[in-house]
Amino acid sequence: DVKVTQSSRYLVKRTGEKVFLECVQDMDHENMFWYRQDPGLGLRLIYFSYDVKMKEKGDIPEGYSVSREKKERFSLILESASTNQTSMYLCASSPARLAGITDTQYFGPGTRLTVL
Amino acid sequence: SQQGEEDPQALSIQEGENATMNCSYKTSINNLQWYRQNSGRGLVHLILIRSNEREKHSGRLRVTLDTSKKSSSLLITASRAADTASYFCATVPILTNAGKSTFGDGTTLTVKP
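Those protein sequences? They're chains D and R, same order as listed. To convert a position in the first sequence, counted from 1, into our numbering, add 10. To convert a position in the second sequence, counted from 1, into our numbering, add 188.
The following block contains the structure:
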C-alpha cells in the first residue's frame, strides 16, 4: 500500500514564524502536491512537483514556497505565517503520467495548522 | 467557479437507502475520479472512470459519466453509517501536466443508523 506521511497532525504557530510542513511518500512517485482545504472552498492546489528540484505554482502559491531535494520528500514552507494561513494542509503523491497510468493521488492524513 | 462541482452540498439519509451525488465540470477531461474523506483526515481514492467509459462499478459504488453533459454521478447503494463522509470528484483536464487534478467542494453525506 502507498503510504504518505505528514510530519504533524496538529500544529500551532505564531504570526510571523517560519513554518515547515513535511511530507514523505514511500512509493517512488514522481509527482507530489500540496493543497489547503478550507470550509466552503474545497481543496486548492498550492504547489506541485513532478520531479526532484522541479516545482510549479498551483492556484494559490502566494505566501508559500516548497522544496523537493529528494524524490520521497516534499516540504511546504510558510516564510512568515499569517492568521489567514490557518487551515488544513494535505499532501498527496501520484505516479508519473505514462500511457495507461491513472492520475490517482494518494493523500496523507493532513496537518491542521493554526496561526495565532 | 471551480472545475468539478458537486451537488448537493449535503445529503442526509437513513441506513439502507441509496445515496446519489453529482459532479459537473467545464472542460474536456482525461478521466474523472471520486474520493472520500472522513472527518479531519486525508482523501482516499474510490474509483476512476475514463473519458471513453460511461459506467463503472466497484462493490456498492456505481459511477456514471456523461461527457456530452460534462457530468458524473456517484451512487452508493444500501448505505451504512460507516459511509458517513465527504465525497469529492476530481477531474484531470486534457492538456494538463503532471496529473494535476482539480477537486470540487464536495458533498457531505450523513447516514443515520
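Where is the CB? At the ideal position from N, CA and C, for every residue including glycine.
Return helix, strand or coil for aspartate 271 of chain R, following the three-state DSSP convention. Three-state DSSP puts aspartate 271 of chain R in a helix.
Local Cβ density within 10 Å of glycine 120 of chain D, reported as buried at 16 or more and exposed below that: Around the Cβ of glycine 120 of chain D, a 10 Å sphere holds 16 or more other Cβ atoms; the residue is buried.
Check this for me: beta carbons of leucine 220 of chain R and leucine 253 of chain R, under 8 Å apart or not? Cβ distance < 8 Å, so leucine 220 of chain R and leucine 253 of chain R count as in contact.
Hey, how far is the Cα of alanine 198 of chain R from the Cα of tyrosine 223 of chain R? So the alpha carbons of these two residues sit roughly 16 Å apart.
Supposed close pair alanine 102 of chain D, lysine 23 of chain D - CB separation, criterion 8 Å: Alanine 102 of chain D to lysine 23 of chain D, Cβ: 23 Å. No contact.
Cross-strand partners of glutamate 66 of chain D (DSSP beta bridge): Answer is D:Phe58, bridged to glutamate 66 of chain D.
Tell me whether asparagine 94 of chain D sits in a helix, a strand or coil according to DSSP, three-state version. When DSSP states are grouped into helix, strand and coil, asparagine 94 of chain D belongs to the helix group.
Measure the alpha-carbon distance for methionine 209 of chain R versus glycine 50 of chain D and round it to whole angstroms. Roughly 17 Å between the two C-alpha positions.
Going by beta carbon distance, what residues of the same chain come within less than 7 Å of threonine 114 of chain D, once the five residues before and after it are set aside? Within the same chain, and ignoring the five residues on either side of threonine 114 of chain D in sequence, the residues whose Cβ sits closer than 7 Å to its Cβ are Ser104.
Valine 299 of chain R versus serine 274 of chain R - alpha carbon distance: One C-alpha to the other measures close to 11 Å.
Below 8 Å between beta carbons: does that hold for serine 212 of chain R and lysine 258 of chain R? Yes, Cβ-Cβ distance for serine 212 of chain R and lysine 258 of chain R is below 8 Å.
Within this structure, are the beta carbons of threonine 93 of chain D and leucine 123 of chain D separated by less than 8 Å? The answer is no: Cβ separation not under 8 Å.
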